[in-house]
Structures are given as C-alpha cells and as structure tokens.
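Below is one structure, written out as structure tokens, with a few remarks after it.
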Amino acid sequence: MLKREAIAFAQQYGWTGKDAERALAGLDLKLASQNDLVNVLLQFAGPELLERQRLQGAQKGQVTKKTNQLKKVQTEFADKVAEYEETIALERSQFVDVIARLYGFGNRFGLQDPWIETLLNQYAKYKKSA
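What follows is the structure in structure tokens.
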C-alpha cells in the first residue's frame with residue numbers, strides 16, 4: 007500500500023491529511039493491511055490526538071486574546087489621538103485669539119507685522135474650512 011492510499015483511507019473516516027501522516031509515521035506501509043491501518047489510527051486517535059487538539063485549542067485561545075488586546079490598544083490609541091487633536095485645536099484657537107487681540111491693540115499705536123497678519127488670515131481661512 008502507498009502512503010497516499012493510506013492517507014486517503016484515513017480521510018474517508020474524517021481524518022485530516024496531516025493527522026493521518028502523523029498517525030501512520032511509525033507504520034511500514036508496504037507490509038500493512040487495512041486492519042493495521044485501522045489499529046494505528048485508533049491508537050493515535052486516543053491520547054495523542056486529544057493532546058494535540060487541546061494544544062491547538064489553547065493556541066487559538068491565545069491568538070484570540072492577543073487579537074482582542076490589539077483591537078483594544080488600537081481603539082484606545084484612536085481615542086487618544088482624537089482627544090489630542092481636539093485639545094490642540096482648542097489651544098490653537100485660544101492662542102491665535104490672544105494674538106489677534108494684542109495685535110488689534112498694537113495696531114492702534116502703529117504696530118504692523120506681515121507675519122502676524124498672515125497668521126491671522128490663514129487662521130481665519132482654517133476656521134471657515136473646518
């Protein structure tokens with residue numbers, strides 16, 4: 007009997023190809039009959055397969071835990087970014103408002119600065135677009 011035939015035989019009973027390969031690893035397939043295959047599959051289906059499935063379940067649990075943890079971190083990060091952007095916008099508007107008041111007061115005494123005027127004009131455009 008060939009290895010692929012033995013695996014196909016195991017797959018008829020719901021085994022995966024990899025599990026069948028693991029179960030048949032110690033068997034000399036050239037001398038094996040179907041009864042030998044069934045015996046090897048039954049022996050492997052006991053504690054070894056159960057242990058492998060338990061480990062696989064534990065690994066999936068860890069993956070789920072890490073995925074949930076990553077989603078939580080991403081959500082927290084997005085919330086912090088939004089909060090910081092809001093804080094920056096508020097502080098920017100307060101800062102520019104103070105500059106505008108001081109510059110308006112200074113204009114009465116002849117203060118003129120193209121940089122401050124440009125800043126105020128750009129901020130006015132920014133407020134209209136936002």
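Per our numbering, the sequence shown starts with residue 7, numbered consecutively. Positions of the beta carbon are idealized from the N, C-alpha and C atoms, including for glycine.
Thinking just about the alpha-carbon of each residue, which of the options is nearest to the one in residue i?
| i | options | result |
| --- | --- | --- |
| Leu-126 | Val-102, Glu-11, Leu-8 | Val-102 |
| Lys-9 | Phe-115, Gln-65, Pro-120, Ala-26 | Ala-26 |
| Val-46 | Gln-59, Lys-36, Arg-28 | Arg-28 |
| Thr-22 | Ser-99, Arg-58, Val-104 | Arg-58 |
| Lys-131 | Leu-76, Gly-110, Ser-99, Arg-114 | Ser-99 |
| Thr-124 | Ala-106, Thr-93, Leu-33, Gly-67 | Ala-106 |
| Gln-40 | Glu-91, Ala-14, Asn-74, Gly-20 | Ala-14 |
So, is residue i buried or exposed, given that buried needs 16 or more other C-beta atoms within 10 angstroms?
| i | result |
| --- | --- |
| Ala-31 | exposed |
| Leu-61 | exposed |
| Phe-50 | buried |
| Ala-16 | buried |
Does the ligand HEM have a heavy atom nearer than 7 Å to the CB of residue i?
| i | result |
| --- | --- |
| Glu-54 | In the structure on display, the ligand HEM does not appear, and there are no ligands present to speak of. |
Between the alpha carbons of residue i and residue j, how many angstroms are there, rounded?
| i | j | result |
| --- | --- | --- |
| Gln-18 | Phe-83 | 50 Å |
| Glu-54 | Glu-89 | 52 Å |
| Lys-71 | Leu-35 | 42 Å |
| Ile-122 | Asn-113 | 11 Å |
| Val-87 | Ala-95 | 12 Å |
| Gln-75 | Glu-97 | 33 Å |
| Gln-65 | Asp-85 | 30 Å |
| Leu-37 | Leu-56 | 28 Å |
| Phe-111 | Val-79 | 48 Å |
Could you give the C-beta distance for residue i and residue j, rounded to a whole number, given that I count them as a contact under 8 Å?
| i | j | result |
| --- | --- | --- |
| Leu-48 | Ala-12 | With 8 Å as the limit, Leu-48 and Ala-12 do not qualify as a contact, their Cβ atoms being about 14 Å apart. |
| Leu-117 | Tyr-109 | 7 Å |
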